[in-house]
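The block underneath contains the structure these notes are about, expressed in structure tokens.
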Amino acid sequence: MATILRTDEVTKIYGNINAAVVAVDQVSIEVKQGEFVALVGPSGSGKTSLLAMLAALLSPTSGRLSINGQELGRMSERERTCFRREQIGFTFQANNLVPYLTALENVELMLRLNGRLDVTGKARAKDLLVRLGLEDKLNNLPKQLSGGQQQRVAIARALVHRPAVVLADEPTASLDTERAFQVVETFSNLIHEQEGGGIMVTHDLRMTKYVDKVIQMVDGKVRRMLEDRAQIDSLASISSFAAAQASSHEFDSQLVIPELAQPIPAYALIGQAQLV
Amino acid sequence: MAFYLALKEVWRNRGRFLLFSLVIALITTLVLFIAALAGGLATANRQFFDQLDADLLIYQENVDLQAASSRLGLSRLREVRRVDGVAAVGPIGFSAATIVFADRRDTIDVSLIGVEPGQPGDPALLAGPGLRDKRGNEVILDEALAAKAWIGLGEVISIKTIQGTEEEYFDLKVVGLTTERQYLFQPAIIVPMDTWDKIRPQAAGAGGGEVIANVFAVQLAAPQAIDQFANRLTSSVDGVETADKKAAILAIPGYTAQQSTLNTQQGFTLLIGVLVVGGFFQIQTLQKVPQIGMLKAIGSSNGVVGGAALLQIVVVTVIGVAIGGLGTLLLSLGLPAGIPILFSGPAVAGAITALLLIGPVGGLVSIRLAQKIEPLTAIGLIS
């Protein structure tokens, strides 16, 4: 499969010489077509900054970013706005939807922004919402939808215009476990169907069961990358077990020890989970 | 796209936006009524001069163009007529009187105006033969007064004035009706100059000498050369100064102060409107920062965001001004007849134009704010 997204030693530094903060430190990653990637790491690890650069919302201090063969670092503000509109699909932690547009109108919004709201586009918007189980919610306003339903609408909006890359920032942050699994599973299925790639920033390692690659960031750097299916499944299983022992709200990815390469006995977990 | 977003938001939140339109409607009503009051008061003050068939007015010098203080003997008319460029000149005298009715109806205070029949100042008629006798007990009424007092052509009215310390009554026959022409907030009745001199309020024992008018109204052979004529006149005739009609109106006692006050009120009301609109949309934009950030993050340009904000402001303002205009019209129909309200086309058009602008002007700050919102707010990198 072709590479749809690539970063080469991308760095982002905030502040000036006297008080510089290195948010992203020489990060090099790749995402292939049809690949769904989880970007994990503790708070302050640089995930959001990296996501912002991938979304053409932020320019890197150094390094190169390219999506679908286009280099982001050299784009003007206007070009980046256009790029986001055409090539990026984005879901946010909160405030995903325009409150005065119905579910269907919110999805059609991306097509309308791109001047592609024709009969085919309308049908695709509706079809996505139906696939996401929202066939009877098409004309509901966001305030009439649950958190999970709103996230599903946001996913449909992020995919409707067939972007090169879909970026999801903590899509399960406000969802209960059952809904979270449903949303991510559906998200994963849709990403795999499309020719683009997807990156999901998440604190919840249980969601990694649906991804093809896990990239762990710590202190702005890529600490670990998992591409082996068995390793990823193991990580997800361990996370689920630990969450079952502790409250799911207390579970944090920074509690997972670095040796993610092999299956780890449950008793090896430290932190808030119970020792077995 | 901007149009779509703007109208969708207004429609889905129509209660809130309608409420705000009502605020604009109230401001509109206030502005229009102030404009109408200014127009009505101005008319009540200056209508006689507005309709005077003269190019120039002559006053006694050094009276600051105050007609009541100006004294010009009729003998000076000959001097004025000799000045090159005079087509016609007529004396005008201003005073006050009261129309009384035998059936004890309420009396009507009027401006008693004396003119020379057939000369500038003698008004064009809508009906009747007009003034023919320089000393005749004749009067021309304006049609509004005639209608209000139920006085018809040919009837005799009774005029009361104070002569010395006594009330005296004079009967005058209505020989003409003219267009409405108020002076100093009172309807005008027009009599021959000699009759005016006889019946106007004056001290006991006064009269009998030369008739003294207040001003002379001059029609010029070449009205476009008014400045040259004025110079020629003041150098030929001693003790006089001239004014065109505009200057004469501005010199009417209290006129300028009254209009300035009302114009200031109107201006401040518009300013309040700008601040109110600006405040409302500023608050609304601040509440929508995350939403606007999200729209920009998914690829909406500043043009779309700013355009949507501007369109909303325009829609809300137009609806508010329309409601306010309609409300003003309905209210004006119920106003008592005595209130000096006049809705003139240019004044209303000007007021409505200014009102339509208060929205976009007031909303400029919020539009600018919307454009400056960073899309990074959507992902929490900027709060």
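Line by line, the protein sequences give chains E and H.
Counting in our numbering, the final residue of the first sequence is number 313, and the numbers go up one at a time with none missing.
Counting in our numbering, the final residue of the second sequence is number 529, and the numbers go up one at a time with none missing.
Each residue gets a CB set at the ideal place from its N, CA and C atoms; glycine is no exception.
If we cut at 8 angstroms on Cβ distances, does residue i have a partner in chain H?
i	result
L150 (chain E)	yes
A89 (chain E)	yes
P136 (chain E)	yes
T98 (chain E)	no
T118 (chain E)	yes
R161 (chain E)	no
A205 (chain E)	no
F129 (chain E)	yes
R122 (chain E)	yes
T48 (chain E)	no
N254 (chain E)	First, the residue type needs correcting, since residue 254 (chain E) is Met and not Asn in the sequence shown. Chain H, which has no Cβ nearer than 8 angstroms to the Cβ of M254 (chain E), makes this no.
L94 (chain E)	yes
Would residue i pass as an interface residue toward chain E - the criterion being a Cβ-Cβ separation below 8 angstroms?
i	result
S447 (chain H)	yes
A152 (chain H)	no
L432 (chain H)	no
G185 (chain H)	no
N159 (chain H)	yes
A443 (chain H)	yes
L522 (chain H)	yes
M147 (chain H)	yes
Can you tell me where the alpha helix (DSSP H) with residue i in it begins and where it stops?
i	result
G274 (chain H)	First-last for G274 (chain H): undefined, no H or E at that position.
D340 (chain H)	M339 to I345
S381 (chain H)	I372 to S382
S406 (chain H)	Y401 to Q433
I245 (chain H)	That residue, I245 (chain H), is in no alpha helix (DSSP H); its beta strand (DSSP E) goes V232 to V246.
L172 (chain H)	R160 to Q197
I395 (chain H)	K391 to L396
V507 (chain H)	G491 to G508
E225 (chain H)	L223 to R227
Measuring straight from C-alpha to C-alpha, what distance separates residue i and residue j?
i	j	result
I228 (chain E)	T48 (chain E)	27 angstroms
I444 (chain H)	R122 (chain E)	6 angstroms
R281 (chain H)	F375 (chain H)	32 angstroms
I335 (chain H)	F163 (chain H)	53 angstroms
L379 (chain H)	T311 (chain H)	40 angstroms
I297 (chain H)	Q265 (chain H)	26 angstroms
E46 (chain E)	S86 (chain E)	14 angstroms
I170 (chain H)	G470 (chain H)	7 angstroms
A341 (chain H)	F195 (chain H)	In the sequence on display, residue 341 (chain H) carries Thr and not Ala. Each residue's Cα considered, the two are about 21 angstroms apart.
K319 (chain H)	V256 (chain H)	16 angstroms
E155 (chain H)	A493 (chain H)	34 angstroms
P91 (chain H)	F179 (chain H)	What is shown of chain H runs 147 to 529, which leaves residue 91 (chain H) out entirely.
A397 (chain H)	T253 (chain H)	29 angstroms
L212 (chain E)	G185 (chain E)	6 angstroms
E333 (chain E)	A89 (chain E)	Shown here, chain E extends from 38 to 313; a query on residue 333 (chain E) therefore has no answer.
M147 (chain H)	A454 (chain H)	8 angstroms
G83 (chain E)	I269 (chain E)	21 angstroms
A190 (chain H)	A242 (chain H)	15 angstroms
Q193 (chain H)	A293 (chain H)	18 angstroms
L165 (chain H)	Q187 (chain E)	30 angstroms
Quick one: give me the first and last residue of the beta strand (DSSP E) that residue i is part of.
i	result
L203 (chain H)	L202 to Q206
I41 (chain E)	T40 to Y51
G470 (chain H)	Where G470 (chain H) is concerned, there is no enclosing beta strand (DSSP E), although the alpha helix (DSSP H) it sits in stretches over N448 to L479.
V77 (chain E)	F73 to V77
K180 (chain E)	It is not in any beta strand (DSSP E) - K180 (chain E) carries neither H nor E in the DSSP assignment.
R217 (chain H)	It is not in any beta strand (DSSP E) - R217 (chain H) carries neither H nor E in the DSSP assignment.
Q331 (chain E)	Coverage of chain E is limited to positions 38 through 313, which leaves residue 331 (chain E) absent and any answer about it impossible.
V259 (chain E)	K258 to L263
L366 (chain H)	V361 to L366
TODO: List in chain order: all unbroken alpha helix (DSSP H) runs of 4+ residues lying wholly within the stretch 184 to 254 of chain E.
DONE: Taken in chain order, the complete alpha helix (DSSP H) segments of 4 residues or longer contained in the stretch 184 to 254 of chain E are 184 to 196 and 214 to 230.
- [ ] Could you tell me whether the stretch 361 to 372 of chain H touches the stretch 227 to 236 of chain H, using the rule of 3 or more Cβ pairs below 8 angstroms?
- [x] Result yes; three or more Cβ-Cβ pairs closer than 8 angstroms.
Open item on the list: For the stretch 400 to 419 of chain H against the stretch 495 to 512 of chain H, do three or more pairs of beta-carbon atoms, one drawn from each stretch, fall closer than 8 angstroms, so that the two count as touching?
Closed with: Yes: at least three Cβ pairs fall under 8 angstroms.
- [ ] Assess, as a yes-or-no matter, whether the stretch 78 to 93 of chain E is touched by the stretch 253 to 260 of chain E under the definition of 3 or more beta carbon pairs within less than 8 angstroms.
- [x] The stretch 253 to 260 of chain E and the stretch 78 to 93 of chain E touch, with no fewer than 3 CB-CB distances between them shorter than 8 angstroms.
- [ ] Would you be able to state if there are at least three C-beta pairs under 8 angstroms between the stretch 142 to 158 of chain E and the stretch 203 to 223 of chain E?
- [x] Cβ pair count under 8 angstroms is below three, so no.
Open item on the list: Which complete alpha helix (DSSP H) runs does the stretch 248 to 334 of chain H hold, if anything under 4 residues is left out?
Closed with: Qualifying alpha helix (DSSP H) stretches, in chain order: 289 to 295.
Open item on the list: Any contact between the stretch 191 to 203 of chain E and the stretch 211 to 228 of chain E? By contact I mean 3 or more CB pairs, one from each, below 8 angstroms.
Closed with: With a cut-off of 8 angstroms, the stretch 211 to 228 of chain E and the stretch 191 to 203 of chain E count as touching, because enough Cβ pairs lie within range.
Open item on the list: Quick test of the definition: if touching needs 3 or more C-beta pairs under 8 angstroms, does the stretch 427 to 445 of chain H touch the stretch 474 to 488 of chain H?
Closed with: Verdict: no, contact absent.
- [ ] Note down, one range per segment and in chain order, each alpha helix (DSSP H) of at least 4 residues found wholly within the stretch 84 to 167 of chain E.
- [x] Runs of the alpha helix (DSSP H) inside the stretch 84 to 167 of chain E: 84 to 91, 114 to 124 and 140 to 150.
Open item on the list: Counting beta carbon pairs with one atom in the stretch 505 to 520 of chain H and one in the stretch 428 to 436 of chain H, are three or more of them shorter than 8 angstroms?
Closed with: Enough Cβ pairs lie closer than 8 angstroms, so yes.
Open item on the list: With a threshold of 8 angstroms, are at least 3 pairs of Cβ atoms found where one atom belongs to the stretch 235 to 249 of chain H and the other to the stretch 219 to 226 of chain H?
Closed with: Short answer: they touch.
Open item on the list: Between the stretch 157 to 177 of chain E and the stretch 106 to 116 of chain E, can you find at least three pairs of beta-carbon atoms closer than 8 angstroms?
Closed with: As far as the Cβ criterion goes, the stretch 106 to 116 of chain E does not touch the stretch 157 to 177 of chain E, which means the pair count is below three.
Open item on the list: Check whether the stretch 187 to 196 of chain E and the stretch 163 to 172 of chain E are in contact - that is, three or more C-beta pairs closer than 8 angstroms.
Closed with: Yes, the stretch 187 to 196 of chain E touches the stretch 163 to 172 of chain E.
Task: Residues of the stretch 379 to 401 of chain H with Cβ closer than 7 angstroms to any Cβ of chain A, in chain order - done: No chain A appears in the structure shown, which is made up of the protein chains E and H.
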